[in-house]
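**Q** Here it is, the structure in full.
Numbering (full-length UniProt numbering), first residue to last: 1 to 252.
Okay, structure coming up:
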């Protein structure tokens, strides 16, 4: 629990704590900014643990560390969970974290507010992503409708992305293939919530860009597919054989 009541002192010690995490990471040869951000939440032992165990930071790694290191240190040795309604958590595991386990989603949540890209200015900052998802989630659980582009018609994959982005003030029109060629490629390690995940060959030939979803995190997209509209794991074997990359809408 934070026992610093003076706001100025809280900021000062918070900055010093973050600086310590940067210094430790530099000493250990860790350059991953998300690992450092997660260290701010877990404590400075996290980067040392990553280095000692030859691990790289990911949401799954942070989950494991929370379960096996942080929670037991706080007395939770049985992996007892508590509900957690953050969208990132709901997409990842249905919405929970470990009691006394810190917040293993911390870096993913901060990532929504910061840019870790290599100079490609996105239009999908945190507020825009929130607006996109606020609209898209209105149709969660609805069936897939081929050619659907409006709430009255229902939605297919590109109809949903186009409608949700338009609600956030972003122009994204056309089929999945047209959206693919209207966006720019992003390295998966630089992907941000609100980017787009594309797939080829689900129909129309192996090179045909045939499906698109909204990137949520490193495992999850929100899309309209045959099982309906909702969160789906694009890293599943069924999707990976059609995977065509992550792309981004950029200002024109």
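The beta carbon of each residue, even a glycine, is placed where N, CA and C say it ideally should be.
Inspect the CB distances between the stretch 134–148 and the stretch 225–243 and report whether three or more fall short of 8 Å.
**A** Yes: the two stretches touch, three or more of their Cβ pairs being nearer than 8 Å.
**Q** Could you check how far apart the C-beta atoms of residue 194 and residue 157 are, in whole angstroms? I think they sit under 8 Å.
**A** To locate residue 194, count along the chain shown from 1; it is residue 194. To locate residue 157, count along the chain shown from 1; it is residue 157. About 16 Å separates the two Cβ atoms, so there is no contact after all.
**Q** Can the beta-carbon of residue 79 be found less than 8 Å from the beta-carbon of residue 98?
**A** The residue you call residue 79 lines up with position 79 of the chain shown. The residue you call residue 98 lines up with position 98 of the chain shown. For residue 79 and residue 98, yes; Cβs fall inside 8 Å.
**Q** From this set, 85, 35, 51, which residue's C-alpha is nearest residue 62's C-alpha?
**A** Translated into the one-based positions of the chain shown, residue 62 becomes position 62. Per the Cα distances, 35.
**Q** Select from 40, 27, 217, 28 the residue whose C-alpha is nearest the C-alpha of residue 18.
**A** For the purposes of this step, residue 18 is taken as the residue at position 18 of the chain shown. Nearest option by C-alpha distance: 40.
**Q** So who's on the other strand from residue 232, going by DSSP bridges?
**A** Taking the first residue of the chain shown as position 1, residue 232 is located at position 232. Its beta-bridge partners are 221.
**Q** Taking residue 91 as the reference, give the member of 245, 215, 225 with the closest Cα.
**A** As a position in the chain shown, residue 91 is number 91, starting the count at 1. Selected option, being the one with the closest Cα: 215.
**Q** Quick one, which of 136, 160, 100 has its alpha-carbon nearest residue 175's?
**A** One-based indexing of the chain shown puts residue 175 at position 175. The shortest Cα separation from residue 175 among 136, 160, 100 belongs to 160.
**Q** Is the CB-CB distance between residue 247 and residue 184 below 8 Å?
**A** Mapped onto the chain shown, residue 247 falls at position 247. Mapped onto the chain shown, residue 184 falls at position 184. Yes; because the gap between Cβ atoms is below 8 Å, this pair is in contact.
**Q** Where does residue 198 sit, in a helix, a strand or coil, going by DSSP?
**A** The residue labelled residue 198 in the question sits at position 198 within the chain shown. Of the three classes helix, strand and coil, the one that applies to residue 198 here is strand, per DSSP.
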